[in-house]
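K.L.:
Take a look at this one; I'll ask things after.
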Amino acid sequence: MRKPLIALSAVVLLACPVQAGQPGEIATDALYAGKLAEGIARLEPLAAADDPGAWFGIGAIRLTQAIEHLSQALYRHGFAVDAAPNAFGMGIVLPIPQNPNPEPLDYAGVRAILGDFVLGLDEARAAFETAAESGDYVIELNPLKIRVDANGDGTVEEAESLAGLLAMWNGVAADDLLAPSQPGEPSSFEYIGFDRADGFWLAGYTQVLASQADFLLAHDFSAFTDATFHRLFPRAGFPMQEFATGGMLMLDPQTDTGIADAIAGIHTLDWPVIEPERLKGVRERMLAVLDYSRQNWAAIIEETDNNHELLPSPKQTSLFPDAAVDEARVAAWLVTLDKARDVLDGQLLIPHWRFSQGFDLKAYFETAKETDLVMILTGAGALPFLGAGKVATPEDFRAIQDAFGSDWLGYAFWFN
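Numbering (our numbering), first residue to last: 24 to 439.
Encoded structure:
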């Protein structure tokens with residue numbers, strides 16, 4: 024399962040088409056060579072003629088550019104690869120090398136990086152939406168063969184293929200990821216057959232990522248940044264950089280300062296809302312994710328082919344033999360989408376341990392003046408958002424638990 028799982032994580036990072044037609048070939052050539060701007064320039068005339076494959080290619084390259092630019096920015100400032108395996112907690116792995124000579128970074132720079140990332144994701148979203156509207160194309164891709172300029176030096180090296188970067192990240196050889204399976208071994212990963220349904224899937228994932236970045240940008244989190252970001256960027260000039268290892272209090276200097284920084288991070292989780300419209304937009308993005316998922320499944324169920332599906336219908340073959348998709352699981356997922364929408368619409372309230380009332384998530388996104396996580400969890404910060412409606416119980420989400428069991432979180436990541 025190792026190769027397929029690594030490949031799936033690569034899809035969230037980057038996705039591109041290869042097709043027995045001009046748009047797919049253009050996009051594939053561009054992404055495999057790391058010539059992203061050239062690929063966009065060649066695809067745009069075809070997209071203007073309403074070629075859905077061209078729109079998918081543009082979306083794929085725009086998404087690749089967004090991830091590449093983020094990787095370059097993190098590399099430029101010496102992002103601590105070993106200390107922070109998930110970039111900003113967004114759920115995407117950024118397999119970038121360590122920069123021996125990082126440039127300074129401050130809070131304003133962090134906001135600029137996140138803002139650029141959101142813009143890139145939204146450009147990809149628009150193209151994927153158009154690609155998903157129509158078209159009977161199947162696009163075959165091995166994401167591990169994509170090459171990117173991860174360190175921003177203007178050249179795309181052989182080691183900067185996605186296989187090479189993920190191999191570095193996972194401690195394996197790139198050739199092992201790409202090698203065909205040996206007799207007696209599980210089938211190796213060949214490619215994913217992208218189609219119209221996957222346009223919805225990828226559009227949804229752009230919003231999964233953009234909503235997290237926008238949530239940060241809606242707040243002033245400067246105190247948190249100053250207190251903790253020397254852990255993410257140890258040589259970028261954040262205030263506590265020179266004190267990452269201090270005196271010994273209980274255990275040893277490194278452990279004690281790590282604990283101290285964790286406490287400082289919790290203490291500074293009191294963020295004023297400085298862009299209320301952006302915070303409202305986070306909820307809209309989350310609602311869009313639910314809509315894309317429902318459209319994705321509607322398109323999947325209509326499919327009649329069976330070509331290395333990213334997300335298969337019950338009648339298609341899963342890329343992951345140990346992760347079957349049946350009708351019960353699809354039905355449970357659709358029910359869960361309805362429940363999630365009820366939560367975002369304030370029709371189903373989130374239970375709070377301290378109150379009989381529930382937490383109204385819609386009211387929070389639309390009216391919050393600050394986000395103080397400690398005060399919300401302890402109670403006082405939750406008071407403005409308590410509602411008198413139905414409070415969610417485990418029974419409301421029984422369908423997904425019964426259908427997926429303990430693997431429900433992994434399926435949720437996959438199903439989007």
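Idealized CB from N, CA, C, for every residue including glycine.
It should be emphasised that the depicted structure is a prediction, and the values quoted were computed from it without experimental measurement.
State the start and end residues of the unbroken alpha helix (DSSP H) segment that holds V141.
P.N.:
Start and end: 130-156.
K.L.:
Quick one: what's D328 bridged to in DSSP?
P.N.:
Paired residues: none, contrary to the question.
K.L.:
Pick helix, strand or coil for D383, following the three-state DSSP scheme.
P.N.:
Coil, per DSSP.
K.L.:
At which residues does the beta strand (DSSP E) containing T340 begin and terminate?
P.N.:
Neither: T340 is in no beta strand (DSSP E) and is coded neither H nor E.
K.L.:
Within the same chain, show all residues whose beta-carbon is closer than 6 Å to that of R352, passing over the 5 residues directly before and after it, in chain order.
P.N.:
Answer for R352: A426, listed in chain order.
K.L.:
Counting Cβ pairs, one atom from each stretch, are 3 or more of them under 8 Å apart for the stretch 60-71 and the stretch 121-131?
P.N.:
No, the stretch 60-71 does not touch the stretch 121-131.
K.L.:
Between which residues of its own chain and T8 is the CB-CB distance below 7 Å, once the five residues before and five after are set aside?
P.N.:
The chain is shown only over 24 to 439; residue 8 falls outside these bounds and no answer can be derived.
K.L.:
Specify, as a first and last residue, the run of the alpha helix (DSSP H) that L164 falls within.
P.N.:
No alpha helix (DSSP H) holds L164; the beta strand (DSSP E) holding it covers 161-164.
K.L.:
Buried or exposed: where does N329 fall if 16 or more other Cβ atoms within 10 Å of its Cβ makes it buried?
P.N.:
Classification for N329: exposed.
K.L.:
For the alpha helix (DSSP H) holding F427, just list the boundary residues, first then last.
P.N.:
Counting along the chain, the alpha helix (DSSP H) containing F427 begins and ends at 421-427.
K.L.:
Assuming A154 and F79 form a contact by the criterion Cβ under 8 Å, report the distance between their Cβ atoms to the nearest whole angstrom.
P.N.:
At roughly 4 Å, the Cβ-Cβ gap stays under 8 Å, so A154 and F79 are in contact.
K.L.:
Tell me which residues share the same chain as P10 and place their Cβ nearer than 6 Å to its Cβ, disregarding the 5 neighbours each side in the sequence.
P.N.:
The chain is shown from 24 up to 439; residue 10 falls before or after that span and cannot be answered.
K.L.:
What's the call for P46, buried or exposed, on a 16-neighbour Cβ count within 10 Å?
P.N.:
P46 should be labelled buried.
K.L.:
Threshold first: 3 residues or longer. Then list the beta strand (DSSP E) segments lying entirely within the stretch 346-392, N to C.
P.N.:
For the stretch 346-392, not a single whole beta strand (DSSP E) run of length 3 or above is found.
K.L.:
How big is the Cα-Cα spacing for G227 and R148?
P.N.:
Taking the straight line from one Cα to the other gives about 8 Å.
K.L.:
Which of the three DSSP states is assigned to A435 in this structure?
P.N.:
A435 falls in the helix class under three-state DSSP.
K.L.:
Just checking my contact of V296 with K385 at CB under 8 Å: how many whole Å lie between their CB atoms?
P.N.:
Going by Cβ atoms, the distance from V296 to K385 rounds to 15 Å, so no, they are not a contact pair.
K.L.:
Within 10 Å of its beta-carbon, does F247 have 16 or more other beta-carbons around it, so buried, or fewer, so exposed?
P.N.:
Buried, since its Cβ has 16 or more Cβ neighbours within 10 Å.
K.L.:
Between which two residues does the beta strand (DSSP E) harbouring F238 extend?
P.N.:
Looking at the DSSP string, F238 is not in any beta strand (DSSP E); the run it does join, the alpha helix (DSSP H), is 219-240.
K.L.:
For the 8 Å Cβ check, are there 3 or more pairs between the stretch 66-77 and the stretch 128-144?
P.N.:
As far as the Cβ criterion goes, the stretch 66-77 does not touch the stretch 128-144, which means the pair count is below three.
K.L.:
Give the secondary structure of D430 by DSSP, where H, G and I count as helix, E and B as strand, and everything else as coil.
P.N.:
Helix, per DSSP.
K.L.:
At which residues does the alpha helix (DSSP H) containing P75 begin and terminate?
P.N.:
75-99 is the extent of the alpha helix (DSSP H) around P75.
K.L.:
Is it buried or exposed for R377, if we count other Cβ within 10 angstroms and need 16 for buried?
P.N.:
Per the 10 Å Cβ criterion, exposed.
K.L.:
What residue range is occupied by the uninterrupted beta strand (DSSP E) comprising D52?
P.N.:
Not the beta strand (DSSP E): D52 falls in the alpha helix (DSSP H), residues 45-56.
K.L.:
Does the beta-carbon distance from A311 to L372 come in below 8 Å?
P.N.:
No, Cβ-Cβ distance for A311 and L372 is not below 8 Å.
K.L.:
Note the first and the last residue of the continuous beta strand (DSSP E) segment covering P295.
P.N.:
Where P295 is concerned, the enclosing beta strand (DSSP E) stretches over 293-295.
K.L.:
Determine the burial state of Q277: buried for a count of at least 16 other Cβ atoms within 10 Å of its Cβ, exposed for fewer.
P.N.:
Exposed, because fewer than 16 other Cβ atoms sit within 10 Å of the Cβ of Q277.
K.L.:
Between D52 and the rest of its own chain, which residues show a CB-CB distance below 8 Å, the 5 nearest in sequence each way excluded?
P.N.:
For D52, where only same-chain residues beyond five positions count, the Cβ hits under 8 Å are K58, G62.
K.L.:
Taking contact to mean at least 3 C-beta pairs separated by less than 8 Å, is the stretch 83-92 in contact with the stretch 160-173?
P.N.:
Verdict: yes, contact present.
K.L.:
For S336, which three-state DSSP category applies?
P.N.:
Of the three classes helix, strand and coil, the one that applies to S336 here is coil, per DSSP.
K.L.:
Can the beta-carbon of L302 be found less than 8 Å from the beta-carbon of A233?
P.N.:
Result no, Cβ atoms of L302 and A233 do not sit closer than 8 Å.
K.L.:
Beta-carbon within less than 6 Å of Q318's beta-carbon, same chain only, minus the 5 sequence neighbours each way: which residues are those?
P.N.:
Result list for Q318: F223, in chain order.
K.L.:
In whole angstroms, what is the alpha-carbon distance linking E418 and G158?
P.N.:
If you take the alpha carbons of E418 and G158, they lie about 40 Å apart.
K.L.:
According to DSSP, simplified to helix, strand and coil, what is L409?
P.N.:
Correct three-state label for L409: strand.
K.L.:
According to DSSP, is I169 helix, strand or coil?
P.N.:
I169 falls in the coil class under three-state DSSP.
K.L.:
Considering Cα atoms alone, identify which of G428, A411, L164, A135 is closest to Y214.
P.N.:
Y214 has its Cα closest to that of L164, out of G428, A411, L164, A135.
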